[in-house]
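To start, the structure under review is shown below, and the notes come after it.
Chains as they are written, first to last, in full-length UniProt numbering: chain A, 1 to 283; chain B, 1 to 462.
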């Protein structure tokens with residue numbers, strides 16, 4: 001049982017929780033993730049570790065409520081418990097002094113990008129961030145990132161914050177005008193695909209953090225397998241970070257849809273049961 | 001007295017019913033049946049059967065105790081050397097072990113040793129397990145990595161000697177392959193849980209959600225524990241590495257079985273973990289895991305389940321009993337075929353496999369006849385779900401994160417088989433992580449060897 005020490009709402013449907021997990025907090029490095037199970041009948045899902053506090057023995061997780069499991073997680077309040085948290089899993093980001101590094105973050109991926117940028121900065125890199133979201137309210141971790149990096153750019157689809165457009169618009173301009181040594185992209189799969197396409201002609205190494213469907217997270221099921229450079233890789237043990245220029249994103253996008261129907265059904269049942277509960281509490 | 005030449009048959013769930021549920025297929029002996037079967041034992045002086053048992057159960061003695069209706073003594077006799085009798089009574093390949101050496105085989109069928117073991121083990125579970133008194137406790141601590149058959153055996157044996165044992169398990173539930181791999185209808189999870197409860201009651205602590213190699217390392221454990229036993233099994237699935245293997249609808253047997261057994265996907269949406277199920281399911285492989293996967297797919301509602309195997313029935317590594325059960329249930333067997341590539345539709349979903357016909361050549365290193373491809377024999381075999389059950393290899397997590405641990409080219413941990421010692425001081429290993437994928441009972445046998453040598457090292461040498 002893992003206690004929730006703190007909880008914040010970062011954006012509509014996006015929540016941050018700080019979870020007591022001493023052993024994990026001592027080991028967690030940028031780029032790693034945990035697998036959680038909310039309750040006895042729950043499924044196991046991977047979530048990136050956004051931050052940690054070794055003294056407090058806590059890790060921070062940021063997630064978007066998209067399916068039943070994340071919705072149930074979002075309902076848990078401070079001093080309530082998550083049944084299972086296991087980690088830190090996956091290989092840590094390969095942090096080094098590269099020179100000028102751009103971190104591209106989209107949606108909830110911005111939270112996962114944050115520890116990588118922090119780590120890159122501590123290695124003496126010149127760090128540029130490009131973060132974006134649908135609109136102003138969806139750009140999370142804005143202050144933390146702006147205070148950390150050397151240059152910060154923001155884009156929104158509707159222009160309510162920063163520049164109107166996509167993160168890749170800014171990225172293209174930077175690649176055109178500056179020498180960039182390395183790029184990290186963390187966000188929706190489609191964003192990471194487009195970023196990799198944009199950087200390919202410039203030959204800038206581009207690291208992406210993949211988020212396939214997982215069960216165990218320790219290399220025993222192969223559900224998270226992706227094709228990287230024509231080879232089968234397990235995201236949970238060989239990744240989650242890979243060379244974006246080698247990843248078969250189209251295959252990953254199809255695999256992510258495997259359980260679309262089941263996910264919708266589970267969500268529908270959850271919402272109906274909530275509606276019933278509200279209905280019956282009225283009586 | 002005339003010896004009964006055939007085994008007393010064990011009641012089973014009728015085929016028509018059992019293919020629609022996950023309840024256990026084999027129902028176990030009644031007392032009357034057990035007594036008849038026990039009476040067949042010749043009580044051979046030399047007890048050849050014991051030599052076939054990896055954990056050296058005193059088989060004639062426990063059968064004699066059954067004959068005398070001293071059931072609680074019979075189970076105690078078994079538990080002297082076997083901590084998980086209700087499990088092994090169900091899943092051991094007795095036909096290749098104890099029963100293979102039974103004297104009765106000369107005139108007919110061997111004594112059904114496994115069924116008798118199960119009978120007394122189940123009886124004890126029903127009537128309440130007696131926990132042996134631990135005479136003396138020592139100030140020694142051992143960490144056991146993995147809570148499968150090897151780990152539970154080491155932990156049980158050490159705890160009985162009065163050594164403090166902590167098991168570290170990566171999953172949220174202990175049991176290893178007994179929980180995530182072997183299906184409910186062959187090994188009910190309540191049985192596994194009861195046997196784990198027994199090991200816990202011997203004083204063993206089990207910590208779940210700890211991935212050794214990530215959450216904590218072997219070197220860190222060695223600072224706190226006098227010895228470490230690695231029993232992490234062969235948990236990493238192998239794939240065929242042919243085109244199309246990442247199409248939607250292709251599973252490793254590990255993933256398929258873990259979703260169904262551990263995560264209870266067969267009860268979706270009551271449980272949250274989903275599973276896809278095809279109308280025409282193909283299972284690639286010929287071992288016990290392939291049989292488990294095929295029979296599970298059938299129970300989930302597949303209309304047709306095809307086992308695709310590159311050799312013939314004779315070379316199948318699966319237990320004979322499992323092949324028979326699968327056949328009774330309507331699983332179709334396609335022999336002498338090997339997959340060449342998987343074929344998908346425009347949505348990335350699998351629609352079939354291209355198979356190539358094989359013929360058998362000379363025996364290979366495994367002693368089985370090697371399959372040889374027949375040129376220009378490829379054909380399309382339509383399937384909408386495929387389960388790859390071609391074996392597992394050790395998970396590299398511990399070998400990657402433990403300096404000084406010698407690893408073979410197959411990824412297994414190198415041990416001295418007579419002691420379970422690895423190349424690293426105070427570190428022992430056994431089971432599939434050292435041998436490569438094998439059976440539950442072999443892992444338990446290796447666990448016993450390691451436990452003996454840990455006891456010797458901790459209690460006698462110091």
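For glycine and all other residues, C-beta sits at the position ideal for the given N, C-alpha and C.
- It is roughly 7 Å from the alpha-carbon of residue 51 of chain B to the alpha-carbon of residue 98 of chain B.
- Scanning the UniProt domain "4Fe-4S ferredoxin-type" (32-62) of chain B from its first residue to its last, the whole alpha helix (DSSP H) runs of 4-plus residues come out as 48-51.
- Counting along the chain, residue 386 of chain B sits inside the beta strand (DSSP E) bounded by residues 385-388.
- In the structure shown, residue 347 of chain B adopts coil according to DSSP, grouped into three states.
- Using a CB distance cut-off of 8 Å, residue 143 of chain B does not count as an interface residue toward chain A.
- Taking a contact to require three or more Cβ pairs closer than 8 Å, the segment 99-115 of chain A and the segment 131-144 of chain A qualify as touching.
- For a Cβ distance threshold of 8 Å, residue set 269 of chain B lies close to residue 269 of chain A, ordered along the chain.
- Among the residues facing chain A, residue 410 of chain B is not included, as its CB has no counterpart in that chain under 8 Å away.
- If you draw a 10 Å sphere on the C-beta of residue 1 of chain A, you find fewer than 16 other C-beta atoms in it, and that means exposed.
- Neighbours of residue 342 of chain B in chain A, taken as residues whose beta carbon is under 9 Å from its own, are absent, since the nearest beta carbon is some 12 Å off.
- Close to residue 53 of chain A, with beta-carbon spacing below 9 Å, lies no residue of chain B; the smallest spacing is near 17 Å.
- Ranking B:264, B:247, B:259, B:255 by CA distance to the CA of residue 257 of chain A puts B:247 first.
- Judged by DSSP secondary structure, residue 432 of chain B falls within the alpha helix (DSSP H) whose first and last residues are 432-435.
- Each residue's CA atom was taken as its position, placing residue 74 of chain A and residue 15 of chain A some 7 Å apart.
- At a C-beta separation below 9 Å, residue 15 of chain B has no neighbours in chain A, since its nearest C-beta there lies roughly 29 Å away.
- Shown in chain order are the members of the segment 240-265 of chain A whose Cβ falls below 7 Å from a Cβ of chain B: 251, 254, 255, 258, 259, 262, 265.
- With respect to the C-alpha of residue 286 of chain B, the residue from B:219, B:388, B:233 having the closest C-alpha is B:388.
- Under the 8 Å Cβ criterion, the segment 254-272 of chain B counts as touching the segment 183-190 of chain B, having at least three qualifying pairs.
- Between the beta-carbon of residue 357 of chain B and that of residue 336 of chain B there is about 6 Å, and that keeps the pair under the 8 Å contact cut.
- For the segment 189-219 of chain A, the beta-carbon criterion of a distance under 9 Å to any beta-carbon of chain B is satisfied by 215, 216, 217, 218, 219.
- Considering only A:79, A:161, A:106, A:183, the residue with the shortest C-alpha distance to residue 125 of chain A is A:183.
- When secondary structure is reduced to three states using DSSP, residue 234 of chain A falls in the strand class.
- Under the three-state reduction of DSSP, residue 227 of chain B is assigned to strand.
- At a cut-off of 8 Å between C-beta atoms, residue 80 of chain B does not count as an interface residue with respect to chain A.
- Between residue 85 of chain A and the set A:127, A:40, A:152, A:279, the nearest pair of CA atoms involves A:40.
- Sequence-distant Cβ neighbours of residue 338 of chain B in its own chain, meaning closer than 6 Å and more than five residues away, are 310, 356, 358.
- If you look at residue 46 of chain A, you'll find it in the beta strand (DSSP E) that goes 45-53.
- Look at the segment 55-116 of chain B and you find these whole runs of alpha helix (DSSP H), each 4 residues long or longer: 59-67, 71-79, 85-91.
- The C-beta of residue 276 of chain B comes closer than 8 Å to at least one C-beta of chain A.
- Among the CB atoms of chain A, one or more fall inside 8 Å of the CB of residue 252 of chain B.
- With a beta-carbon spacing of about 7 Å, residue 34 of chain A and residue 88 of chain A fall inside the 8 Å limit used to define contacts.
- Chain A places no beta carbon closer than 8 Å to that of residue 22 of chain B, leaving this residue out of the contacts.
- Interface annotation, residue 84 of chain A: in contact with chain B, CB-CB separation under 8 Å.
- Sequence-distant partners of residue 331 of chain B (beyond 5 residues in either direction) whose C-beta falls short of 7 Å from its own C-beta, in its chain, are 294, 295, 298, 305, 307.
- If you look at residue 205 of chain B, you'll find it in the beta strand (DSSP E) that goes 205-207.
- For residue 288 of chain B, not one C-beta of chain A is nearer than 8 Å to its own C-beta.
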